[in-house]
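Chemist: Have a look at the structure that comes next, please.
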Amino acid sequence: MAALAHDAAARVIARSLRARGVDRVFALCGGHIMPLWMSLDDEGIAIVDVRDERAAVYMAHAYGELRGMPGVALVTAGPGVTNAMTGIANAHVARAPILVLSGTPPRPQDNRGALQDLDHVGMLRAITRYARTVRDAALVPAELDEAFARARGDGGEPGAAYLDFPVDVLRADVPPPLQRAEHLAGRPRALLAPSPGDVERAVELLWSARRPLVIAGRGVKGRGAPLARFLDALGAVYLDTGESKGVLPASHPAFVGAVRGSAMGAADLVVTLGRRLDFQLAYGSPAVFGDARFVRIADVAAELRDNRRGDVEILADCGLALDAIVAAAGGRAAAVDTAWAADLRARHAGRSARLRESMRVAESAPDGKIHPNRLLACLQDAIGDDAIVVADGGDFLAFARVGLEAPTWLDPGPLGCIGVGTPFGIGAALAAPGRSVVVATGDGAFGFNAMEIDTAVRHGVPLLIVVANNGAWQIEVNDQRQSWGRVVGTTLQFADHAAMARAFGLHAERVTDAAELPGALERALAHRPALIDVVVRGDVMSADGKSGLAGVPDLMPLTAWDDAERRLRTGGVT
Ligand SMILES: Cc1ncc(C[n+]2csc(CCOP(=O)(O)OP(=O)(O)O)c2C)c(N)n1
Ligand SMILES: [Mg+2]
290 MAALAHDAAA
300 RVIARSLRAR
310 GVDRVFALCG
320 GHIMPLWMSL
330 DDEGIAIVDV
340 RDERAAVYMA
350 HAYGELRGMP
360 GVALVTAGPG
370 VTNAMTGIAN
380 AHVARAPILV
390 LSGTPPRPQD
400 NRGALQDLDH
410 VGMLRAITRY
420 ARTVRDAALV
430 PAELDEAFAR
440 ARGDGGEPGA
450 AYLDFPVDVL
460 RADVPPPLQR
470 AEHLAGRPRA
480 LLAPSPGDVE
490 RAVELLWSAR
500 RPLVIAGRGV
510 KGRGAPLARF
520 LDALGAVYLD
530 TGESKGVLPA
540 SHPAFVGAVR
550 GSAMGAADLV
560 VTLGRRLDFQ
570 LAYGSPAVFG
580 DARFVRIADV
590 AAELRDNRRG
600 DVEILADCGL
610 ALDAIVAAAG
620 GRAAAVDTAW
630 AADLRARHAG
640 RSARLRESMR
650 VAESAPDGKI
660 HPNRLLACLQ
670 DAIGDDAIVV
680 ADGGDFLAFA
690 RVGLEAPTWL
700 DPGPLGCIGV
710 GTPFGIGAAL
720 AAPGRSVVVA
730 TGDGAFGFNA
740 MEIDTAVRHG
750 VPLLIVVANN
760 GAWQIEVNDQ
770 RQSWGRVVGT
780 TLQFADHAAM
790 ARAFGLHAER
800 VTDAAELPGA
810 LERALAHRPA
820 LIDVVVRGDV
830 MSADGKSGLA
840 GVPDLMPLTA
850 WDDAERRLRT
860 GGVT
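For what it's worth, the working numbering labels the leading residue of the sequence shown as 290, then goes sequentially.
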């Protein structure tokens, strides 16, 4: 039989993962990884066996994000790796820590036309921080340690790291003298501290600014307390982005999310915290931010000076930097134009209240199809304000971004990788067993990984999936109508996702009348894993739909920014 020696590389890998706190991997089986698979089980590491490798990687992504350490996926050679690639690319672009492990054919079959033989590392180089084949069992502990550190972002960006092993290497022994604790258990990640000179210069700028705006991204995750201390000390206004949604509660007085455009256009100083000035922030263009000065704070280079340089750029952990800045300011009075900040806050509060009210009474279509905002209002009431929300889709995602609040938020991120919903939800629910996890998804987005409802049932994952079923890739329908005057290849059917879910053993209901929503949500929450398929109207457009995002303008992601950029480049002549 295939019993492995105690020192076999597969068993050493399993022990090393265990020593690092990995208690679960997301995986789909295959012969090239079976020695590792069985060794993980020997070590007491749970295997969440999924239905597609892409979903395994998404689950590892969400699991890692919530646990604050790399999530681990295990996929087989060849098509296992190619299937995993979208998930790997997504983690790479989102700078989410994941470690993906795979196998390759045995070394003696190299170049002979072996089953599932592909150049994995070559394919993955562009979408990983680190991708290697380990061809010598003796090198396994050091390679695994390095891959884990790279995924976590030790001395660089966090993201996807990849290792594979010829299956004969997995079966070969690692010499005991090379099974060193420094490699097997690794070391804790060191946080980058800010330099005192940078901190002083930042304080000078920040405390003399009249209209300071703070925009947060990935770098503030887990840094909510220092962020709040900083905002309170400075009196700045604050915007989150998809990467940081929920880190600061929407009720915090600095938050002015409903008047985003006004805040961005009028600020004289913009602070980015662990956030790229990417398409979601108009590339930091003067067309949108004018001549505002910038302070950039991030612990990775990619978030420090892209598109717009900072007058001060602090390469440090955001939490440490913010606390150092507050300490250096030492209670001195800021120069903030309090009337400006108060006006933004009042307008934000007014708009938010009006939105909440309008959502509650948003009308169904004459044929009964429910308004997406009505669905979101009922969902918020049902889940309260402490849930983990995974939002996915096109138009529905855009409605959810504006209309749904949660302290933990996951979405398709900067890759725009729709289809993450159900797998992210499963990963998140397994990482945070005490919390409610809700997947709010469009019907198109749901379809990509719909089969993972089977994984949720088999593993008893208490997930609630809410499908906003408008029978279409609606944001694309809207774009086609606006830009092309006709609709081609963007409609789906109003499929009965509830019936499908019941076939896999979920509690599931289809809701076609808004009055039934509260009851259906209550029953679903009581019987998770559950799915409700809500037939929604497609004739009401989200803010993203109206903004031109789906049409992909030439200069900027949104039509209004594109126009402004054009005016900037032509000196006002368009
Ligand atoms: C993997 C992937 N394929 C295609 C797209 C383009 N896309 C963005 S939103 C969208 C429509 C999503 O439809 P659905 O989930 O039903 O949401 P709706 O717009 O109908 O509310 C599409 C096709 C994408 N972002 N990602
Ligand atoms: Mg749809």
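Note that the Cβ used here is the ideal one computed from N, Cα and C, for glycine as well.
#1: Which residues bound the beta strand (DSSP E) around Gly-360?
#2: Taking 8 Å as the cut-off, is the beta-carbon of Trp-762 closer than that to any non-hydrogen atom of ligand 4?
#3: So is the beta-carbon of Gly-392 under 8 Å away from any non-hydrogen atom of ligand 1?
#4: Just checking my contact of Leu-388 with Val-361 at CB under 8 Å: how many whole Å lie between their CB atoms?
#5: Here's the rule I'm using: 16 or more other beta-carbon atoms within 10 Å means buried, otherwise exposed. How should Ser-533 be labelled?
#6: Please work out which residues of its chain come closer than 6 Å, Cβ to Cβ, to Ala-449, disregarding the five sequence neighbours upstream and downstream, and give them in chain order.
#7: What are the start and end residues of the alpha helix (DSSP H) that includes Leu-390?
#8: Thinking C-alpha only, which one of Met-845, Leu-562, Gly-733, Lys-658 is nearest Tyr-572?
#9: Could you tell me which uninterrupted beta strand (DSSP E) segments, each at least 3 residues in length, are contained entirely in the stretch 463-543, listed from first to last along the chain?
#10: Considering only C-alpha positions, which residue in the set Leu-814, Ala-804, Arg-826 is nearest to Asp-731?
#11: At the level of alpha carbons, what is the spacing between Ala-555 and Glu-592?
#12: What whole-angstrom Cβ distance do Ala-522 and Pro-661 have, given they're in contact under 8 Å?
#13: Return yes when at least one heavy atom of ligand 2 lies under 8 Å from the C-beta of Gly-733, else no.
#14: Please classify Leu-693: is it buried, with 16 or more other beta-carbons within 10 angstroms of its beta-carbon, or exposed?
#15: Taking a contact to mean a Cβ-Cβ separation below 9 Å, would you say Thr-393 touches Phe-437 in this structure?
#16: With a threshold of 8 Å, establish whether the CB of Phe-568 neighbours any heavy atom of ligand 2.
#17: Can you check the stretch 679-758 for any alpha helix (DSSP H) of at least 4 residues that lies completely inside it and give the ranges in chain order?
#18: Given a cut-off of 9 Å on the beta-carbon distance, is the pair Asp-408 and Gly-475 in contact?
#19: Are there 16 or more other CB atoms within 10 angstroms of the CB of Lys-835, so buried, or fewer, so exposed?
#20: Counting only the same chain and skipping the five closest in sequence on each side, list residues whose C-beta sits under 7 Å from that of Ala-809.
#21: On the DSSP bridge list, what partners appear for Tyr-451?
#22: Going by beta carbon distance, what residues of the same chain come within less than 8 Å of Ala-739, once the five residues before and after it are set aside?
#23: Determine the direct distance from the alpha carbon of Arg-401 to that of Leu-329, and round the result to whole angstroms.
#24: Closest to Met-648 by C-alpha separation, out of Leu-664, Gly-657, Glu-432, would be which residue?
#25: Report yes if the C-beta of Ile-707 is less than 8 Å from at least one heavy atom of ligand 1; otherwise report no.
#26: Is Ser-540 buried or exposed, if buried means 16 or more other CB atoms sit within 10 Å of its CB?
#27: Going by CA-CA distance only, name the one from Val-429, Leu-355, His-350 that's closest to Ala-303.
#28: For the stretch 594-602 against the stretch 612-623, are there 3 or more C-beta pairs whose distance is under 8 Å?
#29: Flag Phe-685 as yes when its Cβ comes closer than 8 Å to any non-hydrogen atom of ligand 1, and as no otherwise.
#30: State the DSSP-derived secondary structure class of His-258, mapped to helix, strand or coil.
#31: From the DSSP output, in three-state form, read off Ile-242 for me.
#32: Counting pairs of Cβ atoms below 8 Å between the stretch 698-714 and the stretch 673-682, do you hit three or more?
#33: When you compare the CB positions of Val-509 and Leu-516, do they come within less than 9 Å of one another, or not?
#34: Give the DSSP-derived three-state secondary structure of Arg-582 in the structure shown.
#35: In whole angstroms, give me the CA-to-CA distance for Ala-552 and Ala-590.
Modeler: In short:
#1: Here residue 360 is taken as the residue at index 71 of the sequence shown, counted from 1. 360-363 is the extent of the beta strand (DSSP E) around Gly-360.
#2: In terms of ligand content, the structure shown lacks ligand 4 and carries ligand 1 and ligand 2 instead.
#3: The residue you call residue 392 lines up with position 103 of the sequence shown. Checking the Cβ of Gly-392 against ligand 1 gives no.
#4: The residue given as residue 388 occupies position 99 in the sequence shown. The residue given as residue 361 occupies position 72 in the sequence shown. Yes, they are in contact, since the Cβ atoms of Leu-388 and Val-361 sit about 5 Å apart, within 8 Å.
#5: Counted from its first residue, the sequence shown places residue 533 at position 244. Flag for Ser-533 reads buried.
#6: Translated into positions along the sequence shown, residue 449 becomes position 160. Excluding positions up to five away in sequence, the list reads Ile-377, Ala-380, His-381, Ile-387, Thr-417.
#7: Position 101 of the sequence shown holds residue 390. Taken as a continuous stretch (DSSP letters only), Leu-390 belongs to no alpha helix (DSSP H), being part of the beta strand (DSSP E) at 387-393.
#8: Working through the sequence shown from its first residue, we reach residue 572 at position 283. Ranking Met-845, Leu-562, Gly-733, Lys-658 by Cα distance to Tyr-572 puts Met-845 first.
#9: 501-505, 526-528
#10: Mapped onto the sequence shown, residue 731 falls at position 442. The residue you asked about is not Asp; residue 731 is Gly in the sequence shown. Of the listed residues, the one whose Cα sits closest to Gly-731 is Arg-826.
#11: Position 266 of the sequence shown, counted from the start, is the residue given in the question as residue 555. Position 303 of the sequence shown, counted from the start, is the residue given in the question as residue 592. Cα to Cα, Ala-555 sits roughly 23 Å from Glu-592.
#12: In the sequence shown, residue 522 corresponds to position 233, counting from 1. In the sequence shown, residue 661 corresponds to position 372, counting from 1. The pair is not a contact, with the Cβ atoms about 39 Å apart (cut-off 8 Å).
#13: The residue you call residue 733 lines up with position 444 of the sequence shown. It does: the Cβ of Gly-733 is within 8 Å (strictly closer) of some heavy atom of ligand 2.
#14: Along the sequence shown, one-based indexing puts residue 693 at 404. Label assigned to Leu-693: buried.
#15: Position 104 of the sequence shown holds residue 393. Position 148 of the sequence shown holds residue 437. Using a Cβ distance threshold of 9 Å, Thr-393 and Phe-437 do not count as a contacting pair.
#16: Walking along the sequence shown from the start, residue 568 turns up at place 279. Flag unset: Cβ of Phe-568 not near ligand 2.
#17: 684-692, 710-720, 732-737, 741-747
#18: As a first step, residue 408 must be located in the sequence shown, where it is residue number 119. As a first step, residue 475 must be located in the sequence shown, where it is residue number 186. In this structure, Asp-408 lies away from Gly-475, with their beta-carbon atoms at least 9 Å apart.
#19: Indexing the sequence shown from 1 puts residue 835 at position 546. Lys-835 comes out exposed.
#20: The sequence position of residue 809 within the sequence shown is 520, counting from 1. Glu-798, Val-800, Ile-821, listed in sequence order.
#21: Taking the sequence shown and counting its residues from 1, the one referred to as residue 451 is at position 162. Answer is Val-389, Ala-420, bridged to Tyr-451.
#22: The residue given as residue 739 occupies position 450 in the sequence shown. If we look at Ala-739 and ignore the five residues flanking it on each side, its Cβ neighbours are Thr-711, His-786, Met-789.
#23: As a first step, residue 329 is located in the sequence shown; it is residue number 40 there, counting from the start. As a first step, residue 401 is located in the sequence shown; it is residue number 112 there, counting from the start. Near 30 Å, if we compare the C-alpha coordinates of Arg-401 and Leu-329.
#24: Here residue 648 is taken as the residue at index 359 of the sequence shown, counted from 1. The candidate whose alpha carbon is nearest that of Met-648 is Leu-664.
#25: Position 418 of the sequence shown, counted from the start, is the residue given in the question as residue 707. Within the cutoff, so yes.
#26: For the purposes of this step, residue 540 is taken as residue 251 along the sequence shown, with counting starting at 1. Ser-540 is exposed by the Cβ-count criterion.
#27: Here residue 303 is taken as the residue at index 14 of the sequence shown, counted from 1. The shortest Cα separation from Ala-303 among Val-429, Leu-355, His-350 belongs to Val-429.
#28: no
#29: Here residue 685 refers to the residue found at position 396 when the sequence shown is read from its first residue. Phe-685: yes, Cβ under 8 Å from ligand 1.
#30: Because the chain is modelled from 290 through 863, residue 258 falls outside the range shown and cannot be assessed.
#31: What is shown of the chain runs 290 to 863, which leaves residue 242 out entirely.
#32: Judged by Cβ distances under 8 Å, the stretch 698-714 makes contact with the stretch 673-682, as three or more pairs qualify.
#33: In the sequence shown, the residue the question calls residue 509 occupies position 220. In the sequence shown, the residue the question calls residue 516 occupies position 227. Yes.
#34: The sequence position of residue 582 within the sequence shown is 293, counting from 1. In the structure shown, Arg-582 sits in a strand (DSSP, three-state: E or B).
#35: Here residue 552 refers to the residue found at position 263 when the sequence shown is read from its first residue. Here residue 590 refers to the residue found at position 301 when the sequence shown is read from its first residue. Going by the C-alpha atoms only, they are around 26 Å apart.
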